[in-house]
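Student:
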Amino acid sequence: MNLDLKDRKLLYWLDQDSRATNKRLGKLVGLTEQAVGYRIKRLQEQGVIKRFVTFVDALSLGYQHYKVFVKLQYTSEEIEEKIIATLVAHPNVRWVVSTGGLYDLSFSVLAKSPTEFSDLFRKMIPSWGKYIGEQMIALNVRSPGFTRDWLLGKKISMRREYGGIQQNVDALSLRILKLLSQDARMNVVDIARRLQTSVDKVTHRLRKLKTGVIAGFTLQLDLSKLGYEYYSVFLRMPSVSENALLAFAESHPGILYVVKTIGSYDFQLECEVQNYVELERLLKEFRPAFAASLKDFEVLRVTKEHKYDFFPFAIGA
Numbered sequence: 594m595n596l597d598l599k600d601r602k603l604l605y606w607l608d609q610d611s612r613a614t615n616k617r618l619g620k621l622v623g624l625t626e627q628a629v630g631y632r633i634k635r636l637q638e639q640g641v642i643k644r645f646v647t648f649v650d651a652l653s654l655g656y657q658h659y660k661v662f663v664k665l666q667y668t669s670e671e672i673e674e675k676i677i678a679t680l681v682a683h684p685n686v687r688w689v690v691s692t693g694g695l696y697d698l699s700f701s702v703l704a705k706s707p708t709e710f711s712d713l714f715r716k717m718i719p720s721w722g723k724y725i726g727e728q729m730i731a732l733n734v735r736s737p738g739f740t741r742d743w744l745l746g747k748k749i750s751m752r753r754e755y756g757g758i759q760q761n762v763d764a765l766s767l768r769i770l771k772l773l774s775q776d777a778r779m780n781v782v783d784i785a786r787r788l789q790t791s792v793d794k795v796t797h798r799l800r801k802l803k804t805g806v807i808a809g810f811t812l813q814l815d816l817s818k819l820g821y822e823y824y825s826v827f828l829r830m831p832s833v834s835e836n837a838l839l840a841f842a843e844s845h846p847g848i849l850y851v852v853k854t855i856g857s858y859d860f861q862l863e864c865e866v867q868n869y870v871e872l873e874r875l876l877k878e879f880r881p882a883f884a885a886s887l888k889d890f891e892v893l894r895v896t897k898e899h900k901y902d903f904f905p906f907a908i909g910a
């Protein structure tokens, strides 16, 4: 899908802050407030914008982030669809994707301890555990993220940080997070009406959430409509300087996250690129730059995203 420069600028600024008002976006992009509203609606109708997303820092709520990668066996398309549906419906599962490469499926689980994760995982798989051929589990320790600078074809190095101090959050704040996880652009008046509370209470709690729980507001894109693909690059490099990795990422627009993990690999580069050829070019730069510390790497392509929700938990009324 061909987008003009105004569309790409609009997506870029929405990626940085999807709660920005149409008036502010108009100033940043060079459009009227009405034109911004029209373009956002059109991009949604075209399926380019799938959803406006709230970055909830799970660590600040006492959760750890586990990633599971599985190679399936003895399955049919119907069985795989049932497995995916089960994961998508689970209130502790944050992300579910189909993948190509070493593994067929990947999903993220939020749990408060290794014991809780083990219990959750064990309860997930009784009906389909026999279809798991191989599996890999990684604990995300830290995952600095970057804005989608490839939308403008340059690196501006806006970094998002996660992994703050655990916060005390009341029931109303959790309900606000739930609504914002479904639509980051929902205004405070609509939130207050949905939760049957006052605008002042919503405004106060939202302001507090932004200081320790909400890491930012962005958007979920259908990369295929923009001619882009998503890849994870697993890195086995235990002695590397994390700052050196971040510096490399800051100079490459296609790198979205640098994830530090505990598991079979030490880091993951999460990349959005036009195709595998572009990824190979990136890796040809990366390998000599880190030749002294790179022991091994593997590439996994995300072929379809089934769930993307930073706050998947079931919250009562």
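Numbering (the working numbering), first residue to last: 594 to 910.
Ideal Cβ placement from N, Cα and C applies to all residues, glycine included.
Treat the numbers as computed from the prediction; the structure is a model and nothing was measured.
Between the alpha carbons of Ala-651 and Ile-848, how many angstroms are there, rounded?
Tutor: Between Ala-651 and Ile-848, the C-alpha separation is close to 22 Å.
Student: Is DSSP giving Ser-825 helix, strand or coil here?
Tutor: It is a strand residue.
Student: Do you know offhand how far Leu-799's Cα is from Lys-616's?
Tutor: Rounded to whole angstroms, Leu-799 to Lys-616 spans 21 Å at the Cα level.
Student: Leaving out the 5 sequence neighbours to the left and right, which residues in its chain are closer than 8 Å to Leu-604 when beta-carbon positions are compared?
Tutor: Closer than 8 Å at Cβ, skipping near neighbours: Leu-596, Leu-636, Val-641, Ile-642, Arg-741, Leu-744, Leu-812, Leu-814.
Student: Out of Gly-805, Gln-775, Ala-764, point me to the one whose CA is closest to Thr-790's CA.
Tutor: For the residues Gly-805, Gln-775, Ala-764, the minimum Cα distance to Thr-790 belongs to Ala-764.
Student: Determine, using beta carbons only, whether Thr-912 and Ser-774 come nearer to each other than 8 Å.
Tutor: Outside the shown range of the chain (594 to 910) lies residue 912, about which nothing can therefore be said.
Student: Taking only runs that begin and end inside the segment 602-640, name each unbroken beta strand (DSSP E) of 3 or more residues, in chain order.
Tutor: Correct list: empty.
Student: Does the separation of the CB atoms of Tyr-667 and Tyr-724 fall below 8 Å?
Tutor: Yes.
Student: Taking the alpha carbon of Thr-692 as the reference point, which residue from Ala-682, Ser-736, Thr-708, Tyr-823 has its own alpha carbon closest?
Tutor: Closest by alpha carbon: Tyr-823.
Student: Are the segment 615-631 and the segment 873-887 touching by the rule of at least three beta carbon pairs closer than 8 Å?
Tutor: Short answer: they don't touch.
Student: Grouping DSSP H, G and I as helix and E and B as strand, with all else coil, what is Thr-896?
Tutor: It is a strand residue.
Student: What span of residues does the beta strand (DSSP E) with Ser-699 cover, start to end?
Tutor: Unbroken beta strand (DSSP E) run through Ser-699: 698-704.
Student: If you follow the alpha helix (DSSP H) that Asn-836 is part of, which residue opens it and which one closes it?
Tutor: Residues 835-843.
Student: CB Phe-739 to CB Leu-828, shorter than 8 Å?
Tutor: Their beta carbons are not under 8 Å apart, which means Phe-739 does not touch Leu-828 by this criterion.
Student: When we look at the beta-carbon of Leu-703 and count the other beta-carbons within 10 Å, is it buried (16 or more) or exposed?
Tutor: Its Cβ being crowded by 16 or more others within 10 Å, Leu-703 is buried.
Student: Out of Thr-614, Ser-611, Asp-610, Val-622, point me to the one whose CA is closest to Asp-600's CA.
Tutor: For the residues Thr-614, Ser-611, Asp-610, Val-622, the minimum Cα distance to Asp-600 belongs to Val-622.
Student: Rounded to the nearest angstrom, what separates Thr-987 and Val-649 at their Cα positions?
Tutor: It is not possible to answer for residue 987, since the shown part of the chain is limited to 594 through 910.
Student: Is the beta carbon of Arg-786 closer than 8 Å to that of Leu-772?
Tutor: Cβ atoms of Leu-772 and Arg-786: not closer than 8 Å.
Student: Between the C-alpha atoms of Leu-713 and Leu-862, what's the straight-line distance to the nearest angstrom?
Tutor: Rounded to the nearest angstrom, the two C-alpha atoms are 27 Å apart.
Student: Would you call Leu-598 buried or exposed, if buried means 16 or more other Cβ atoms sit within 10 Å of its Cβ?
Tutor: It counts as exposed.
Student: Take Asp-697 as the anchor and find which of Lys-634, Pro-905, Thr-896 has the nearest alpha-carbon.
Tutor: Cα-wise, what sits closest to Asp-697 is Thr-896.
Student: Measure how close the beta-carbons of Ser-611 and Phe-810 come, nearest whole angstrom, since I'm counting them as under 8 Å.
Tutor: Their Cβ separation, rounded to whole angstroms, is 4 Å, which keeps Ser-611 and Phe-810 in contact under 8 Å.
Student: Within 7 Å: the Cβ of Ala-682 and any heavy atom of the ligand GDP?
Tutor: As for the ligand GDP, it is missing from this structure, which has no ligand bound.
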